[in-house]
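So the structure is just underneath, and the comments pick up after that.
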Amino acid sequence: MIAAFALILVCQLFGEVVSELFDLPVPGPVIGLVLLFVGLLIKRNPPKVLTDAADNLLIHFSLLFVPAGVGVVTQIDRLKGDWLPIAAALIVSTLLAMVLTALLMSKLLPKAKPGETLEDGQ
Amino acid sequence: MNETDITQLWVYLSAKPLTGLTITLVAYAIGFWLYQKSDRNPICNPVVIAIALIAMLLKVTGTPYATYFEGAQFVHFLLGPATVALAVPLFRQTETLKRALPVIAFGVLFGSLVASASTVILAWALGASPETLASLAPKSVTTPVAMGIAENIGGVPALTAVCVIATGIVGATLGPMVMNMARLKDWRARGFAMGVASHGIGTARAFQVNETAGAFSGLAMGLNTLATALTIPFLWHWIFG
Chain A
98 MIAAFALILV CQLFGEVVSE LFDLPVPGPV IGLVLLFVGL LIKRNPPKVL
148 TDAADNLLIH FSLLFVPAGV GVVTQIDRLK GDWLPIAAAL IVSTLLAMVL
198 TALLMSKLLP KAKPGETLED GQ
Chain B
601 MNETDITQLW VYLSAKPLTG LTITLVAYAI GFWLYQKSDR NPICNPVVIA
651 IALIAMLLKV TGTPYATYFE GAQFVHFLLG PATVALAVPL FRQTETLKRA
701 LPVIAFGVLF GSLVASASTV ILAWALGASP ETLASLAPKS VTTPVAMGIA
751 ENIGGVPALT AVCVIATGIV GATLGPMVMN MARLKDWRAR GFAMGVASHG
801 IGTARAFQVN ETAGAFSGLA MGLNTLATAL TIPFLWHWIF G
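Protein chains in written order, with the numbering used here: chain A, 98 to 219; chain B, 601 to 841.
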């Protein structure tokens, strides 16, 4: 378990270093994600300790958003000033992006197999 | 114990990192308990409940956010390793990826661009300030990455975090309804779109409804994280200088 966490941290550290060194706008953890993904593709069968460590980190992924979200208390004035554009962007463009992407994918993906579509009355 | 004693006790406790950390876990546990009590109704989002509880507590006790964050940073820190760990669920989708790679890559780029471009154009047209625009642009990707992007393009990471979470909740609650109205029946396309537009919160919802939708949502979320992190900062600096 320690080795698996260490590996994940090493990937992140590598990402942070590369991002800083080359002054990249890509966040370090994303570079770490790519590095780990490439490593998994090469290794094929990842050790169970690694997949367990990753799954454990991700089970309560949403908990990790809480401290940043509480930062809303420092943004009350900005939210008051820009509430309309923020609310409109959040609702309209999220749903627009979702529907357009779903329409595109339903046209482009290979024909759905039975069970892959929503039946009427479901 | 009189009121001054309690105030002094709080002043002492609130300065300890243990307090911020404990409050974060307890508030989330309450949020998760309510979420399960409500039959996993997406309206009862545990993150929203936890944030609301903590924000109220800080307000009532007059505790500054920075003091709370002294303790909460230990939870916040894990966002980085958790982002790296997304490589594992992404790896599990390798077979799906191989079968339809060009379509999937095109779909992710398309969704990523529509989500951020429509956000920026709409908010700009309605008069948002430049910092707000930069904070909103990466709202469809998972929080740690969105915050990193926002910081890079001149946004306010704390505002981004709030907008990302709100985006996830909008997508998870209203998304399925809107896709029903558009007569979209393919679970793969529906899940994929949930992941692209509303990241982890949308993916969690997709998994509850249908396993195929969930798998495609997770795949789309992971790839969209990459696509957005690799495109938005470059595009932003190129367009706005």
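Each residue gets a CB set at the ideal place from its N, CA and C atoms; glycine is no exception.
In this text the structure is predicted, and so the values were computed from the model without any measurement.
Please specify which runs of the alpha helix (DSSP H), each continuous and at least 4 residues long, are wholly inside the stretch 648-720 of chain B, giving them in chain order.
-> 665-677, 679-685, 687-692 and 694-699
Meets three-Cβ-pair contact criterion under 8 Å: the stretch 603-617 of chain B and the stretch 124-136 of chain A | no
Residues bridged to T214(A) [DSSP beta-bridge criterion] | D786(B)
For Q196(A), the nearest candidate out of G841(B), T831(B), L819(B) and S798(B) (CA to CA) | In the sequence under discussion, the amino acid at residue 196(A) is Val, which differs from the Gln named in the question. Among G841(B), T831(B), L819(B) and S798(B), the Cα nearest to that of V196(A) is on S798(B).
How would you label N641(B), buried or exposed, when you count the other beta carbons within 10 angstroms and need 16 or more for buried?
-> exposed
At a Cβ threshold of 9 Å, is P144(A) touching chain B?
-> no
Should R805(B) be flagged as near chain A, meaning a C-beta pair shorter than 9 Å?
-> no
Give a yes or no on whether 9 Å exceeds the smallest Cβ distance from I188(A) to chain B.
-> yes
Is there at least one Cβ from chain B nearer than 9 Å to P211(A)'s Cβ?
-> no
List the residues of chain A whose Cβ lies closer than 7 Å to the Cβ of N752(B), in chain order.
-> For the C-beta of N752(B), the chain A residues within less than 7 Å are, from N- to C-terminus, P122.
Top-ranked residue by Cα proximity to A682(B), from L147(A), G212(A) and V135(A) = L147(A)
Residue range of the alpha helix (DSSP H) that L118(A) falls in?
-> I99 to L118
N- and C-terminal bounds of the alpha helix (DSSP H) containing V135(A) = G125 to K140
Quick one: which residues of the stretch 817-831 of chain B get their C-beta closer than 7 Å to a C-beta of chain A? List them in chain order.
-> T825, L826, A829 and L830
Using a Cβ cut-off of 9 Å, pull out every chain A residue sitting near D786(B), in sequence order please.
-> A199, M202, S203, L206, A209, E213, T214 and L215
Partner residues on chain D for F119(A), Cβ-Cβ distance less than 9 Å | Annotation note: the requested chain D is absent from the structure, which comprises protein chains A and B.
Please determine, among G711(B), T696(B), A705(B) and Q693(B), the residue with the shortest C-alpha to C-alpha distance to T198(A).
-> G711(B)
Buried versus exposed call for K739(B) [16 or more other C-beta atoms within 10 Å across all chains shown] | buried
How would you list, in chain order, the residues of chain A whose beta-carbon sits under 9 Å from the beta-carbon of Q673(B)?
-> P164
Buried/exposed call for F134(A), threshold 16 Cβ in 10 Å = buried
So, does the CB of I105(A) fall closer than 9 Å to a CB anywhere in chain B?
-> yes
Along the alpha helix (DSSP H) that carries L160(A), what are the first and last residues, could you check?
-> First-last for L160(A): undefined, no H or E at that position.
Relative to the alpha-carbon of G212(A), which residue among T812(B), L819(B) and V675(B) has its alpha-carbon at the smallest distance?
-> T812(B)
Using only alpha-carbon positions, find the residue among V764(B), T696(B) and L709(B) that is nearest to P186(A).
-> Here residue 186(A) is Ala; the residue named in the question, Pro, does not match the sequence. Selected option, being the one with the closest Cα: V764(B).
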